[in-house]
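Here is the structure we will look at.
2 protein chains.
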Amino acid sequence: MSIRHGLLALLERGQMYGYQLRSAFEAETGATWPLNIGQVYTTLTRLERDGLVRGLPEHDGGQRPYEITAEGRTELALWFATPIAHADRPRDELAIKLALALTTPGVDVQSVVQTQRSATMRTLQQYTRLKKDDGELPWRLVLDSLIFQAEAELRWLDHCEASLVRFVPSTSPVPTAASAEEENVHERA
Amino acid sequence: MSIRHGLLALLERGQMYGYQLRSAFEAETGATWPLNIGQVYTTLTRLERDGLVRGLPEHDGGQRPYEITAEGRTELALWFATPIAHADRPRDELAIKLALALTTPGVDVQSVVQTQRSATMRTLQQYTRLKKDDGELPWRLVLDSLIFQAEAELRWLDHCEASLVRFVPSTSPVPTAASAEEENVHERA
DNA sequence: AGTGCCATGTAAGGAGTTACATGATTCG
DNA sequence: CGAATCATGTAACTCCTTACATGGCACT
Numbered sequence: 000m001s002i003r004h005g006l007l008a009l010l011e012r013g014q015m016y017g018y019q020l021r022s023a024f025e026a027e028t029g030a031t032w033p034l035n036i037g038q039v040y041t042t043l044t045r046l047e048r049d050g051l052v053r054g055l056p057e058h059d060g061g062q063r064p065y066e067i068t069a070e071g072r073t074e075l076a077l078w079f080a081t082p083i084a085h086a087d088r089p090r091d092e093l094a095i096k097l098a099l100a101l102t103t104p105g106v107d108v109q110s111v112v113q114t115q116r117s118a119t120m121r122t123l124q125q126y127t128r129l130k131k132d133d134g135e136l137p138w139r140l141v142l143d144s145l146i147f148q149a150e151a152e153l154r155w156l157d158h159c160e161a162s163l164v165r166f167v168p169s170t171s172p173v174p175t176a177a178s179a180e181e182e183n184v185h186e187r188a
Numbered sequence: 000m001s002i003r004h005g006l007l008a009l010l011e012r013g014q015m016y017g018y019q020l021r022s023a024f025e026a027e028t029g030a031t032w033p034l035n036i037g038q039v040y041t042t043l044t045r046l047e048r049d050g051l052v053r054g055l056p057e058h059d060g061g062q063r064p065y066e067i068t069a070e071g072r073t074e075l076a077l078w079f080a081t082p083i084a085h086a087d088r089p090r091d092e093l094a095i096k097l098a099l100a101l102t103t104p105g106v107d108v109q110s111v112v113q114t115q116r117s118a119t120m121r122t123l124q125q126y127t128r129l130k131k132d133d134g135e136l137p138w139r140l141v142l143d144s145l146i147f148q149a150e151a152e153l154r155w156l157d158h159c160e161a162s163l164v165r166f167v168p169s170t171s172p173v174p175t176a177a178s179a180e181e182e183n184v185h186e187r188a
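Quick mapping for you: the protein sequence lines, in order, are chains G and C. Going by numbering that gives the first Met the number 0, the first sequence opens with residue 0, and the numbers climb by one from there. Going by numbering that gives the first Met the number 0, the second sequence opens with residue 0, and the numbers climb by one from there.
What follows is the structure, encoded as structure tokens:
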């Protein structure tokens, strides 16, 4: 629902047409999450259908501006007033991956962790490099959010590795691997 | 793509049918992200279409087990070997919301931040309460991931508030009150 | 004349959610 | 018997992405 409300928020600053909305959105968030232009139009259509937005007659240059409605303002105010619950956030693919890696036969969990850490460290470095450059406040806060998250991810990966060494004997194949294969049955459903 | 690969990983432990897959998935991740049963079946259909999985003849009790194919094993190994890039993660709705709140007229950013912080702190407390209870390793790591992320979010919110007081004069139109209120105390998590 | 950007859309499909329909089995 | 749970599916819909089609306008 972030795009839907994001467009509403942009329209609260005044009338805008589709192409403008995309530019504005990407300007705010520093093009961190590029917004497909196609989605802007389909979302605008849905917003209009739901009465949150009103499409205006086509301008000279072929531009079709939209304006927010009273109902749209109410909806927007509600969005800003309501905290984002952790329950309705998307699944964390990395957490799922590592959790499953633990019980999947033939997967070297340690190497999964370390591969991910290298990648995350690289992106973290790119983020910190970006920080020095420019700086509109909104975009800087978004960037900081990414940095904080990446740092947390690194800490978590370290934490995982520390937990692992206590449970997984070693990276090297255990000689009792043959007997360990009897554990191949699926447990309780 | 997390469900697709998640199901593949579970099937690597042996044949399973749809209902079992959902239980197993939720057991691993502690029901943090409940998995809709309908999606399991549609995903299995797509996986079979793509040759990553093979549907077996119906069992006596009406259960239709699936098994992973060689191609599926390759795909799964690739998933585990490839780090998850920050680029193709879903948009962070909270970051977008705050970034837009800054430039949206009539929005009290400070209160948005504080509302969110209260909510995040509550869920963090729930998480830490959960930690004491049980403990399969995979689920515990998932929980730790959630905790680390929530803590990072709290730090970021504090950071946002600190940045705000320097740029937004104050909620009240009196400039002298703002400078007095600048050192708004928030001890970090 | 051609390249490239501005601007609006549509089509096709993946992923996910909610809801519904349908049976079998199990338990009080 | 009735209710709950197990088990498989389908339908409708939102959100999002990728790709395609189309036209205007500006610059070289």
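Beta carbons are placed, not taken as given, at the ideal position from N, Cα and C, and that holds for glycine.
- G:Gly-54: not part of any alpha helix (DSSP H); member of the beta strand (DSSP E) spanning 52 to 54, first to last residue.
- With respect to G:Leu-140, C:Ala-98 sits close: the two C-beta atoms are nearer than 8 Å.
- At a cut-off of 8 Å between beta-carbon atoms, C:Glu-57 makes no contact with chain G.
- Within its own chain, the residues whose Cβ lies closer than 6 Å to the Cβ of C:Glu-160, once the five positions on either side in sequence are excluded, are Val-112, listed in chain order.
- Taking 7 Å as the Cβ-Cβ cut-off, the segment 10 to 25 of chain G approaches chain C at Glu-11 and Arg-12, given in chain order.
- Around the CB of G:Glu-57, fewer than 16 other CB atoms lie within 10 Å, so the residue is classed as exposed.
- Residue environment: G:Tyr-65 is assigned as buried (16 or more neighbouring CB atoms within 10 Å of its CB, all protein chains considered).
- In chain order, Leu-6, Leu-9 and Val-39 place their CB closer than 7 Å to the CB of C:Leu-20, counting only its own chain and leaving out the 5 sequence neighbours on each side.
- In this chain, the beta strand (DSSP E) harbouring G:Ile-67 covers 64 to 67.
- The alpha-carbon separation between C:Trp-78 and G:Leu-153 amounts to approximately 19 Å.
- With contacts defined as CB atoms closer than 8 Å, C:Glu-27 and G:Thr-102 qualify as a contacting pair.
- DSSP places G:Gly-17 inside the alpha helix (DSSP H), whose first and last residues are 17 to 28.
- G:Gly-61 has its alpha-carbon roughly 47 Å from the corresponding atom of G:Ala-151.
- By the criterion of at least three beta-carbon pairs nearer than 8 Å, the segment 85 to 99 of chain G is in contact with the segment 80 to 92 of chain C.
- Think of a sphere of 8 Å around the beta carbon of G:Thr-68: no beta carbon from chain C falls inside it, the nearest being about 15 Å out.
- Against chain G, a Cβ distance below 7 Å from C:Ile-95 picks out Ser-1, Gly-5 and Thr-28.
- Inter-residue distance for C:Ile-2 and G:Arg-128 is about 34 Å (C-alpha atoms, whole angstroms).
- Within its own chain, the residues whose Cβ lies closer than 8 Å to the Cβ of C:Glu-74, once the five positions on either side in sequence are excluded, are His-4, Leu-7 and Leu-51, listed in chain order.
- Taken through DSSP and simplified to helix, strand or coil, C:His-4 comes out as helix.
- Per DSSP, reduced to three states, the secondary structure at C:Gln-125 is helical.
- C:Arg-90 carries a coil assignment under DSSP once its states are collapsed to helix, strand and coil.
- For C:Ile-36, no chain G residue has a C-beta closer than 9 Å to its own C-beta; the minimum C-beta separation is roughly 13 Å.
- Neighbours of C:Leu-43 in chain G, taken as residues whose beta carbon is under 7 Å from its own, are absent, since the nearest beta carbon is some 16 Å off.
- Per DSSP, reduced to three states, the secondary structure at G:His-158 is helical.
- For C:Gln-148, the nearest CB of chain G lies under 8 Å from its own CB, placing it at the interface with that chain.
- Our two residues, G:Leu-123 and G:Ser-162, have alpha carbons roughly 24 Å apart in a direct line.
- Counting only Cβ-Cβ distances below 7 Å, C:Pro-64 has no contacts in chain G at all, with the closest Cβ about 10 Å away.
- Nearest CB-CB separation between C:Asp-157 and chain G: not below the 8 Å threshold.
- In the structure shown, the three-state DSSP call for G:Ile-95 is helix.
- For the C-beta of G:Leu-129, not a single chain C residue is nearer than 8 Å; the gap to the nearest is close to 12 Å.
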